[in-house]
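Here is the structure we will look at.
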Amino acid sequence: MPSLADVFRVLNRMRDEGIVAQYAVGGATAVLFYAEPTRTYDLDVFVTLETAGEDVLAPLSRAYEWARGQGFGVQAEHLLIAGVPVQLLPAYNALVEAALATARRHDYAGVPVHVVDPEHLVALALQAGGARRRERAWQLLEAGAVDRERLGKVLTTHAIAAEIPDDA
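Printed below as a string of C-alpha cells:
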C-alpha cells in the first residue's frame, strides 16, 4: 500500500536526479511534523529550480515531463505520486527562499524529508492570509512548536505585520 514515505522517496529522487535543486514540504502536511495533523487535499512542496535564464515555469514543465516518464499521473497542477496529489511550488519570493534554505530534515518512516521549519510555516501562512492558513499558524503556536523570538525576526525581515499573542 502506497504511503507518504513513498512520496518522500520520490521527492528525494527528484532532488538527487537534478529535477529540482532543493525542496521542502510546506502547508498543512508540514504541520504534521510539529503539531496535530490537519486535513488537506494535497501536499505542497516548495522547490528551487535551475532556470538558467529560462522562463521560470520552463523548469517546472521538465519536472512534469520527468514525472510522466516515471509513470506518475498528472491532474491539473498536481503530480499524482503514490496516489497523493503533489503540487510543486517554485520559490516565488524571499520568504519562500528563506524557508527552503532553513528547512529541517526529518525522518518519516525511515525516509529523510525536508520540511519547512515552524517559524517559516507561520510566516508563510500569515503572508498568504486566509482563515485556514491563520488557523494553521495558531495551531503551530499553540503546540509550542514555534521559537517566538526567531519568528519575530522572520516576520520583521520579510515585513509581515502580525500580532502574536503571548498565550497563543
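With my numbering applied, the sequence shown covers 476 to 643. Every residue, glycine too, gets a C-beta built ideally from N, C-alpha and C.
7 Å CB neighbourhood of residue i in its chain, flanking five on each side removed
{"i": "Pro565", "result": "Val522, Leu524, Val531 and Leu535"}
{"i": "Ala569", "result": "His633"}
{"i": "Ile635", "result": "Ala598, Leu601 and Gln602"}
{"i": "Leu630", "result": "Ala598 and Ala637"}
{"i": "Tyr583", "result": "Leu479, Ala480 and Phe483"}
{"i": "Pro587", "result": "Asn487 and Arg580"}
Cut-off 8 Å between Cβ atoms - residues of its own chain near residue i, not counting five sequence neighbours on either side
{"i": "Asp592", "result": "Ala574, Thr577, Ala578 and Arg579"}
{"i": "Leu421", "result": "Here the chain comprises residues numbered 476 to 643, so residue 421 is not present and cannot be evaluated."}
{"i": "Ala612", "result": "Leu596, Val597, Ala600 and Leu601"}
{"i": "Tyr516", "result": "Pro560"}
{"i": "Val549", "result": "Tyr539, Ala542, Arg543 and Leu555"}
{"i": "Phe547", "result": "Val485, Leu554, Leu555 and Ile556"}
{"i": "Gly585", "result": "Ala480"}
{"i": "Pro477", "result": "Ala557, Gly558 and Val559"}
Which of helix, strand or coil DSSP assigns to residue i
{"i": "Arg580", "result": "strand"}
{"i": "Val586", "result": "strand"}
{"i": "Gln602", "result": "helix"}
{"i": "Gly501", "result": "strand"}
{"i": "Leu535", "result": "helix"}
{"i": "Leu524", "result": "coil"}
Among the options, the one whose alpha carbon lies nearest that of residue i
{"i": "Leu599", "options": "Asp481, Gly501, Glu492 and Arg490", "result": "Gly501"}
{"i": "Arg537", "options": "Met489, Val588 and Glu624", "result": "Met489"}
{"i": "Ala620", "options": "Ala505, Val586 and Ile494", "result": "Ala505"}
{"i": "His589", "options": "Arg608, Lys628 and Ala496", "result": "Ala496"}
{"i": "Tyr539", "options": "Arg623, Gln562 and Asn487", "result": "Gln562"}
{"i": "Glu552", "options": "Val520, Gly585, Leu626 and Glu617", "result": "Val520"}
{"i": "Gln545", "options": "Leu518, Glu492, Glu572 and Gly604", "result": "Glu492"}
Extent of the continuous alpha helix (DSSP H) to which residue i belongs
{"i": "Leu507", "result": "Element bounds for Leu507: n/a, residue is neither H nor E."}
{"i": "Gly627", "result": "Arg623 to Thr632"}
Enclosing beta strand (DSSP E) for residue i [first to last residue]
{"i": "Asp481", "result": "Here Asp481 belongs to no beta strand (DSSP E); instead the alpha helix (DSSP H) covers Leu479 to Asp491."}
{"i": "Ala612", "result": "Ala612 -> not in any beta strand (DSSP E); alpha helix (DSSP H) instead, spanning Ala606 to Glu617."}
{"i": "Gln550", "result": "Gly548 to Gln550"}
{"i": "Asp517", "result": "From DSSP, Asp517 is part of no beta strand (DSSP E); its letter is neither H nor E."}
{"i": "Leu564", "result": "Val559 to Pro565"}
{"i": "Ile639", "result": "Unbroken run through Ile639: none, as it is neither H nor E."}
Proximal residues to residue i (C-beta, below 6 Å), its chain only, five neighbours per side dropped
{"i": "Gln614", "result": "Ala510"}
{"i": "Arg607", "result": "none"}
{"i": "Ala618", "result": "Ala510"}
Check: Are the region 550–565 and the region 479–497 touching by the rule of at least three beta carbon pairs closer than 8 Å?
Finding: yes
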